[in-house]
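Student:
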Amino acid sequence: MNSFRILRFFSCQQQAERERQVLEIQQANAAQRERNKKARDEARRRQTEAKRKDVLRAKQEHALAAEQRRQYDEEQQEYNIQRSQQVRREHQQSRERRRLEQVQSDTRQISEMLAVLKDVLRAKQEHALAAEQRVSFPPHHYGAYKSLLP
């Protein structure tokens, strides 16, 4: 019976050893699961943080691009306004230059016409004077007025 007790004792010891090993394995597995969970949580947290930073960076880039477009549009609008004003001034100056050239041309033509009219008037006056002189001394009555001549 002694051997039975020894066998039973060894059997109990082996059973206790197996239970201790099973418990150690279970604890090791639980610890590994906890480490894995923490690693997954940390990876998720880093991924979430990276996504948040990417979204923030994208929003900042979008805002910067929108600001650059707005600034470009304002500069383009200002340029267009200035260019439009410059074109209007150039057109106005061109119209004024053409008007001045037309006035100068009209003035030249009027001056030429006045010169012609003066020549015509002078010719008419000379013609009228000559006609008056002929009337004063008609050739067929020349003898009658001969005594008046010195």
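Numbering-wise, the sequence shown is residues 1 to 150 according to the UniProt record's numbering. For glycine and all other residues, C-beta sits at the position ideal for the given N, C-alpha and C.
(1) Would you tell me roughly how many angstroms separate the C-alpha atoms of Gln14 and Val22, rounded to the nearest one?
(2) Curious, which full-length beta strand (DSSP E) runs of at least 3 residues does the UniProt region "Disordered" (29-105) contain?
(3) Once the 5 residues before and after Ala128 are set aside, which same chain residues still bring their CB inside 8 Å of it?
Tutor: Reading from the atomic positions:
(1) In the sequence shown, counting from the first residue as 1, residue 14 sits at position 14. In the sequence shown, counting from the first residue as 1, residue 22 sits at position 22. Taking the straight line from one Cα to the other gives about 12 Å.
(2) none
(3) Here residue 128 is taken as the residue at index 128 of the sequence shown, counted from 1. Nothing listed; no residue qualifies.
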